[in-house]
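In numbering that gives the first Met the number 0, the protein residues as written are 0 to 259.
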Amino acid sequence: MRSWRDWSWADGNFWDSGVQPQFDDILQLYDFDRQLRLVFLDAIDRIEVAFRAAIINTLALDKTCGSHFYLDAIHFKDCKAHRDVMKQVLGLPEKNAAIKHYYENYNTPALPPVWTVLEAMTIGQLSRLFSDLHLDHRKTVAAKFGYDESVLVTWLKSLTILRNVCAHHGRLWNASITADAPKYAKAIAAEFPSHNDRGRIFARAVVVQALLAKIDPSSDWKVRFKQLMSTLPTAVLAKAGRTTAELGPVPGWEIRLFWS
Numbered sequence: 000m001r002s003w004r005d006w007s008w009a010d011g012n013f014w015d016s017g018v019q020p021q022f023d024d025i026l027q028l029y030d031f032d033r034q035l036r037l038v039f040l041d042a043i044d045r046i047e048v049a050f051r052a053a054i055i056n057t058l059a060l061d062k063t064c065g066s067h068f069y070l071d072a073i074h075f076k077d078c079k080a081h082r083d084v085m086k087q088v089l090g091l092p093e094k095n096a097a098i099k100h101y102y103e104n105y106n107t108p109a110l111p112p113v114w115t116v117l118e119a120m121t122i123g124q125l126s127r128l129f130s131d132l133h134l135d136h137r138k139t140v141a142a143k144f145g146y147d148e149s150v151l152v153t154w155l156k157s158l159t160i161l162r163n164v165c166a167h168h169g170r171l172w173n174a175s176i177t178a179d180a181p182k183y184a185k186a187i188a189a190e191f192p193s194h195n196d197r198g199r200i201f202a203r204a205v206v207v208q209a210l211l212a213k214i215d216p217s218s219d220w221k222v223r224f225k226q227l228m229s230t231l232p233t234a235v236l237a238k239a240g241r242t243t244a245e246l247g248p249v250p251g252w253e254i255r256l257f258w259s
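Structure, rendered in structure tokens:
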């Protein structure tokens with residue numbers, strides 16, 4: 000088994016304090032990271048469902064759009080965006096239960112309604128669809144969540160990447176995911192870490208909590224997240240010369256109203 004001294008957790012030199020680690024140290028941090036992934040996956044699942052419903056309820060049920068609005072380029076920001084969406088739709092796997100049911104039972108229209116299409120889409124595809132919509136449509140959907148559409152575009156992209164890291168068992172606790180880092184919403188700008196920490200996991204935790212607070216005010220996700228964070232093995236980190244700052248938290252975040 001490789002020594003933890005040689006284990007590349009972050010920058011190729013995780014254990015640089017000179018103190019010999021114990022197997023239990025590794026296990027504690029691994030278990031915390033595993034629980035962190037599960038907590039985020041649960042939240043992202045809820046957010047994905049909510050965004051799917053928001054697009055359907057605001058656009059598909061609007062008489063100016065309709066059940067097959069995705070067929071008309073007028074509903075997208077430009078022709079290229081519409082072509083990209085159509086490629087996604089035509090590439091959806093027919094083995095998907097909803098898609099399969101449609102083609103087995105209906106001949107017209109040739110393509111399924113948007114609620115069937117969205118059910119078959121991944122969060123990544125849903126994110127691209129939202130960003131490709133006409134600005135007016137993005138604003139309409141965004142109004143359901145109380146944040147600017149340009150902010151939500153980046154939030155969905157950042158959660159897509161986060162979801163993929165979690166689903167593929169990537170290290171999360173001190174990861175710096177700078178690609179598609181979330182844009183800060185002015186209304187809650189104080190809840191986000193500094194610009195240099197935008198790629199840290201705490202910034203995405205703020206995004207998750209901000210969305211869940213709108214989707215389901217009774218959600219206990221923030222409670223579970225705070226409880227999990229309280230189990231972070233800080234003594235293990237100290238042995239390695241590391242600190243909780245690598246998660247990018249705002250000082251005193253636990254007692255802020257946003258997390259209460």
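All C-beta atoms in this analysis are idealised placements derived from N, C-alpha and C, irrespective of residue type, glycine included.
Item	Value
Ranges of the beta strand (DSSP E) found wholly within the region 46-109, counting only runs of at least 3	none
Where the alpha helix (DSSP H) containing ARG162 begins and where it ends	148-166
Where LEU132 sits in the DSSP three-state scheme	strand
Whether GLY247 touches ARG170 by CB criterion (9 Å)	no
Cα-Cα separation, HIS167 to LYS138	33 Å
Per-residue DSSP class, three states only, for ARG36	helix
Cβ shell of TRP114 (< 7 Å), same chain only, five flanking positions each side left out	ILE55 and ALA59
Pairwise C-alpha distance: PHE50 and GLY251	31 Å
Endpoints, the alpha helix (DSSP H) within which GLU118 is located	113-119
Inter-residue Cα distance where the pair is CYS78 and ALA72	6 Å
Delimiting residues of the alpha helix (DSSP H) encompassing ALA212	200-214
Segment contact, 8 Å Cβ cut-off, at least three pairs: the region 123-142 with the region 17-36	no
Exposure label - ASP30; buried when at least 16 CB within 10 Å	exposed
Rounded separation between LEU227 and HIS81 - CA only	42 Å
Within 9 Å, strictly: CB atoms of LEU158 and VAL207	yes
Opening and closing residue of the alpha helix (DSSP H) in which LYS225 lies	220-228
Reduced DSSP category for LEU231 - H, G, I as helix; E, B as strand; rest coil	coil
LEU236 - DSSP class collapsed to helix/strand/coil	helix
C-beta atoms of VAL235 and ALA184 nearer than 9 Å	no
Residue of LEU117, HIS136 and ALA204 minimising C-alpha distance to THR63	HIS136
Coil, strand or helix - ALA141 by DSSP	helix
Length of the line joining the Cα atoms of HIS194 and ASN104	52 Å
Coarse secondary structure for THR243, derived from DSSP in three states	helix
CB contact flag (LEU89, PRO232, <9 Å)	no
Classification of GLU190 by the beta-carbon crowding that lies within 10 angstroms, buried from 16 upward	buried
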